[in-house]
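Chains as they are written, first to last, in the working numbering: chain A, 1 to 454; chain B, 455 to 908. Backbone N, C-alpha and C fix where the C-beta goes; we use that ideal spot for every residue, glycine too. Model, not experiment: these values are computed from the prediction.
2 protein chains.
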Amino acid sequence: MEDINKINDIKNLLLNSIEEYKDGTSDIHPYDLAKELEKLRDLDDKEYEYVCKRIPSDLFAEILCEMPSYIQEEIAEVISDKKIATITSKMDSDDASELIYNISQKDEEIAQTILSKLDDEDKQIIEKLNSYDDHEAGSYMQSELFSATLDEDIGTAIKRLKSLKEEELLDNIFHVFLIDKDKKLIGAVGLEELILFDRQQHFREIPQDKLINYSCNHKSDISDAVEMFTHYNLSALAVVDEENRLLGRITHDDIHDVIQDQDTKQLYSLAGVNDDAENEESVYLIGRKRAIWLGINLVTAILASIVIGFFDTTIQSLVALAVLMPIVASMGGNAGTQTLTVTVRQMALGEISYQDAKKTINKEVIISLVNGLIFAFIIGIIAFIWFKIPLLGLVIALSMVINLLSAGFFGAVIPILLEKFEIDPAIGSTVILTTVTDVVGFFSFLGLATLILL
Amino acid sequence: MEDINKINDIKNLLLNSIEEYKDGTSDIHPYDLAKELEKLRDLDDKEYEYVCKRIPSDLFAEILCEMPSYIQEEIAEVISDKKIATITSKMDSDDASELIYNISQKDEEIAQTILSKLDDEDKQIIEKLNSYDDHEAGSYMQSELFSATLDEDIGTAIKRLKSLKEEELLDNIFHVFLIDKDKKLIGAVGLEELILFDRQQHFREIPQDKLINYSCNHKSDISDAVEMFTHYNLSALAVVDEENRLLGRITHDDIHDVIQDQDTKQLYSLAGVNDDAENEESVYLIGRKRAIWLGINLVTAILASIVIGFFDTTIQSLVALAVLMPIVASMGGNAGTQTLTVTVRQMALGEISYQDAKKTINKEVIISLVNGLIFAFIIGIIAFIWFKIPLLGLVIALSMVINLLSAGFFGAVIPILLEKFEIDPAIGSTVILTTVTDVVGFFSFLGLATLILL
């Protein structure tokens, strides 16, 4: 009952917004409509389909690019190929190519059908954008931009901008990109500069020092573009080919999404989770990827158990060792995770690099040595009071220092080495570290116990 | 020797750039100069001071706001209060107030001296901005903006913009904010719209549907502003007071920094690291904060040991239990961390909320149950083969299912509950979860062993 009310509320809100949109009186952002539509989809498939069929194509173009990829993948099951083609033609090229890519992930044939219904230019652009690798700057650019040549006067260019905007072919404009007759990029002029010039003036008259000269190659890694945006506070960045010909631009809101995705990936990788899989709707896909990681962890855990197995007679003769032994491993794991996380993050933010490696490792070793000594003292006293065996206190204290020290050292060294070999330091470093802290923890504690106590 | 060459290289680069800057021919971004200056500071204090004294104030204003807070804190030890005052007056108000705040953290008196050297308006603005709480939108805004009234003609406003820009009082302009005579915000017009209108036209003539109506209250949480930027792809956002009077604006590059800081905080919190402390230079401060977290973890680990202690006679009679017991706890910890991390991140990204709690918990319980069954089977077989005790395989398999199931359940429930009680779900949830998975892991394994095997 509650659900039916909710469904009706959302449906009415969406249908009203559609009417308002048609009248030009809508004040709800497409993002918010996308979220409502998602909710409706979760609650009732049929009603979702009903509403989808009623959304006009230009509005749908704005809504659909705010929706997660698993919904884009299935959109062909809800609305006709022809309507999807119309929607695609109304999208910015980066959003359009993403939509076609997502649909092709589910059904390559439908994606081709939709492409065939587009005009040649749109089709070529989408195919071009989708030919880039995921990590290449080109796959994030849009070809829609505002450009002009040096010989043109500003007034003519603005008239062109006006008509492009009226046809809704251009949006989110921050610069005019100046190009020569071969489409080679000369530089960009911010609108805040352009607006100060007279319309009769020619672009040639804009002084050199007002030009923005940043650009990035279409094949370069998107993280290079991200760095330029972060360091130089850019609003948009020109994308050029090997001959410096202007191909497109990347805007700050695209970069914003890239950063958020990178951060999610980093966080997930450290926790042994795959970011792509987690964005899927299927519990099966999510669970399978997580299982792989748990499987790797099982191997690590068994390794640690084998180490413990070496000392079974020691444990048998003093069961207090079994009681205390997880403490050393756990403290090492935690201290190591602290170091690892900080190192991975600071490398990602560009705050430390391979050149600073020695400085970082020194810092981490000092911190872990001092903390190791502090917690060695505390746990030594506790173990002594608990089991009334002074030497047991000494054993756990010594192994605490050893394990925290190695946790700090390896927590810093592992990600630095992985980065050196161009492996993403967030992926896999946790499991290597845990193996180290578990093995060192159990081996040092039980080994020292065998030497000192027996 | 290598260091001396390096010092000289950096010093020469910086001194050259200073000369080029004075001639107006510099093409190095202040960000890159800031990074070089930081390197020089690390290598040689004296040379750093020498170069700092030679940087002209307007360039220093641009460099200093790219430097980390611990360098800003100490800047008064390197250059005179008078120069810092000049530098401050050349900064945007948000950067200026941050600089004064950082200096005051080290020495309140010097901060006051610098403030007293500023003109009254600058001083008031800085004091106003620094009166906001860290989480309030007001503390991220700058008061420099381009505004106009409805009665003004566009040409006059653009002339004003031109002279403000020539005096370097205004930069990074995306909109003109329209206000009434009481400074109340009417709306914003993007430059890409404004440029299309004739200069003779009045702002009153700009149609309603070209106005951007988003704004945020100066006392509202910065995360609300972040959401508006992410959802609606904004470039800048007006900040208003309770009477809707325009106070300032937040730009996308500020929000970008906020997002990166939030992500760092989230990642660090989950790993038991304090983000503020890690930005300090002092190893002592960093180590102390980490020790607090390790101390909490020690209590957790001892709790787990107490649980093991209950079963000391069981372990004594079958030492294989001691060998195998870390496996169950470790797998639970890992599975729980997977769930916890995904839940925390998706809540932060607004993808799941308290209303979806049931759906999220269901999903996580299903995944952990299935993975629990898979790994129960695997570890059951391994334990049986290893120790040749069939019932031991059964015990570890059962406890694996129990622990992975509780890991999935609590990994989802803990952050959702913390969020419900308005506690940051990233902070503290890891330690609560580890306690659960350790205690449940050891208790179920050793408890079942006592029941079934003995």
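Problem - Contacts that Ile329/A makes with chain B (C-beta to C-beta distance below 8 Å) - result: Residue mapping note: residue 329/A aligns to position 329 of the first sequence, counting from 1. A small fix is needed here, since residue 329/A is Ala in this sequence, not Ile. Neighbours of Ala329/A on chain B, chain order: Pro780.
Exercise for the section: Spatial neighbours of Tyr475/B within its chain, please: CB distance less than 6 Å, with the 5 preceding and 5 following residues excluded, ordered by chain position. Expected result: Looking up residue 475/B in the second sequence gives position 21. Taken in chain order, the residues that qualify are Leu513.
Practice task
Check the Cβ of Asn698/B against every Cβ in chain A and list those closer than 8 Å, keeping chain order.
Solution key: Taking the second sequence and counting its residues from 1, one reaches residue 698/B at position 244. Going along chain A, no residue has its Cβ under 8 Å from Asn698/B, so there is no contact; the nearest lies around 17 Å.
Exercise for the section: Taking Ala692/B as the reference, give the member of Pro661/B, Glu873/B, Gln526/B and Val643/B with the closest Cα. Expected result: Reading the second sequence from its first residue, position 238 is the one you call residue 692/B. Checked all of Pro661/B, Glu873/B, Gln526/B and Val643/B; the closest Cα to Ala692/B is Val643/B.
Problem - Cβ pair count under 8 Å reaching 3, the region 507-526 of chain B against the region 472-486 of chain B - result: Cβ pair count under 8 Å is three or more, so yes.
Practice task
List the endpoints of the continuous alpha helix (DSSP H) containing Ile87/A.
Solution key: Taking the first residue of the first sequence as position 1, residue 87/A is located at position 87. For Ile87/A, the enclosing alpha helix (DSSP H) begins and ends at Asp81 to Lys90.
Handout entry: Ile126/A beta carbon less than 8 Å from that of Ile100/A
Key = What you label residue 100/A is simply residue 100 of the first sequence in a count that begins at 1. What you label residue 126/A is simply residue 126 of the first sequence in a count that begins at 1. Yes. Within cutoff.
Practice task
Starting from the beta carbon of Thr718/B, find every residue of chain A whose beta carbon is closer than 7 Å, and list them in chain order.
Solution key: If you number the second sequence from 1, residue 718/B lands on position 264. By Cβ distance, chain A contributes Arg345.
Handout entry: Near-chain B residues of the region 133-145 of chain A - C-beta to any C-beta below 7 Å
Key = none
Exercise for the section: Report, in whole angstroms, the separation of the C-beta atoms of Val323/A and Ile762/B, which I expect to be a contact under 8 Å. Expected result: Working through the first sequence from its first residue, we reach residue 323/A at position 323. Working through the second sequence from its first residue, we reach residue 762/B at position 308. 5 Å between Cβ atoms; contact.
Handout entry: Buried or exposed by the 16-neighbour rule on C-beta atoms within 10 Å, applied to Ser330/A
Key = Position 330 of the first sequence, counted from the first residue, corresponds to residue 330/A. Burial call: buried.
Problem - Stretch-stretch touch, CB-based, cutoff 8 Å, three pairs: the region 192-206 of chain A with the region 677-684 of chain B - result: Not touching, per the Cβ criterion.
Handout entry: Partner residues on chain A for Gly763/B, Cβ-Cβ distance less than 7 Å
Key = Counting from one through the second sequence, the residue named residue 763/B turns up at place 309. The contacting residues are Val323.
Practice task
Run through the region 193-237 of chain A for me and flag every whole alpha helix (DSSP H) of 4 or more residues, listed as ranges in chain order.
Solution key: Counting only runs of 4 or more residues that sit fully inside the region 193-237 of chain A, the alpha helix (DSSP H) segments are 222-232, in chain order.
Handout entry: Alpha carbon of Leu912/B to alpha carbon of Leu246/A, nearest angstrom
Key = The displayed coordinates of chain B run from 455 to 908. Any statement about residue 912/B would go beyond what the structure contains.
Problem - chain B contact residues for Tyr48/A, given Cβ-Cβ distances below 9 Å - result: Looking up residue 48/A in the first sequence gives position 48. By Cβ distance, chain B contributes nothing, its closest Cβ being about 16 Å from Tyr48/A, past 9 Å.
Practice task
Would you list, in chain order, the members of the region 816-849 of chain B that have their beta-carbon closer than 8 Å to a beta-carbon of chain A?
Solution key: Lys817, Ile820, Ile821, Val824, Asn825, Ile828, Phe829, Ile832, Ile833 and Ile836
Exercise for the section: Can you give me the start and stop residues for the alpha helix (DSSP H) that Ile852/B sits inside? Expected result: Taking the first residue of the second sequence as position 1, residue 852/B is located at position 398. Residue 852/B is actually Leu in this sequence, not Ile. Unbroken alpha helix (DSSP H) run through Leu852/B: Pro844 to Lys874.
Practice task
Only counting runs of 3 or more residues, tell me where the beta strand (DSSP E) segments fall wholly within the region 83-153 of chain A, in order along the chain.
Solution key: 147-149
Handout entry: Three-pair Cβ contact test at 8 Å for the region 148-159 of chain A versus the region 202-209 of chain A
Key = As far as the Cβ criterion goes, the region 148-159 of chain A touches the region 202-209 of chain A, which means the pair count is three or higher.
Handout entry: Residue environment, Gln792/B, which counts as buried when at least 16 other CB atoms sit within 10 Å
Key = Within the second sequence, numbered from 1, the residue matching residue 792/B stands at position 338. Its Cβ being crowded by 16 or more others within 10 Å, Gln792/B is buried.
Problem - Contact list for the region 609-622 of chain B against chain A, Cβ threshold 8 Å - result: Near chain A, meaning a CB-to-CB distance below 8 Å, the residues of the region 609-622 of chain B are Ile612, Leu615, Lys616 and Lys619.
Problem - CB of Leu33/A within 8 Å of CB of Ile7/A, strictly - result: For this step, residue 33/A is matched to residue 33 along the first sequence. For this step, residue 7/A is matched to residue 7 along the first sequence. No.
Exercise for the section: Report yes or no: do three or more beta-carbon pairs, one from the region 514-534 of chain B and one from the region 723-737 of chain B, lie closer than 8 Å? Expected result: Below 8 Å, enough C-beta pairs join the region 514-534 of chain B and the region 723-737 of chain B to call them touching: three or more.
Problem - Within 8 Å, strictly: CB atoms of Glu278/A and Val796/B - result: Numbered from its first residue, the first sequence carries residue 278/A at position 278. Numbered from its first residue, the second sequence carries residue 796/B at position 342. Yes. Within cutoff.
Exercise for the section: Show which residues of chain B have a CB atom less than 7 Å away from the CB atom of Val258/A. Expected result: Counting from one through the first sequence, the residue named residue 258/A turns up at place 258. In chain order: nothing, as chain B lies at least about 11 Å away.
Practice task
Indicate the three-state DSSP secondary structure (helix, strand or coil) for His256/A in the structure shown.
Solution key: Within the first sequence, residue 256/A is the residue found at index 256, counting from 1. His256/A: helix per DSSP, three-state reduction.
Handout entry: Three-pair Cβ contact test at 8 Å for the region 369-376 of chain A versus the region 399-407 of chain A
Key = yes
Handout entry: Alpha carbon of Ile538/B to alpha carbon of Asp546/B, nearest angstrom
Key = As a first step, residue 538/B must be located in the second sequence, where it is residue number 84. As a first step, residue 546/B must be located in the second sequence, where it is residue number 92. In a straight line, the C-alpha of Ile538/B is about 14 Å away from that of Asp546/B.
Handout entry: Contact test: Thr888/B Cβ vs the ligand MG heavy atom, cutoff 7 Å
Key = The model depicted lacks the ligand MG and carries no ligand whatsoever.
Exercise for the section: Can you check DSSP and say which residues form a bridge with Gly641/B? Expected result: For the purposes of this step, residue 641/B is taken as the residue at position 187 of the second sequence. Leu632/B, per the DSSP bridge assignment.
Practice task
Consult DSSP for Ile704/B and reduce its assignment to one of helix, strand or coil.
Solution key: Position 250 of the second sequence holds residue 704/B. DSSP places Ile704/B in strand when its eight states are reduced to three.
Problem - Contacting positions in the region 786-798 of chain B - beta carbon closer than 9 Å to chain A - result: Gly787, Asn788, Ala789, Thr791, Gln792, Thr793, Leu794, Thr795, Val796 and Val798
Exercise for the section: State the CB to CB distance for the pair Tyr594/B and Val694/B, rounded to an integer number of angstroms; the pair is presumed to be in contact (CB under 8 Å). Expected result: Numbered from 1 along the second sequence, position 140 holds the residue referred to as residue 594/B. Numbered from 1 along the second sequence, position 240 holds the residue referred to as residue 694/B. The Cβ separation is near 14 Å, so there is no contact.
Handout entry: Val693/B - partner residues in DSSP beta bridges
Key = As a position in the second sequence, residue 693/B is number 239, starting the count at 1. Paired residue(s): Cys670/B and Gly702/B.
Practice task
Would you identify the three-state DSSP class for Cys65/A, choosing helix, strand or coil?
Solution key: Taking the first sequence and counting its residues from 1, the one referred to as residue 65/A is at position 65. In the three-state reduction of the DSSP assignment, Cys65/A falls in the coil class.
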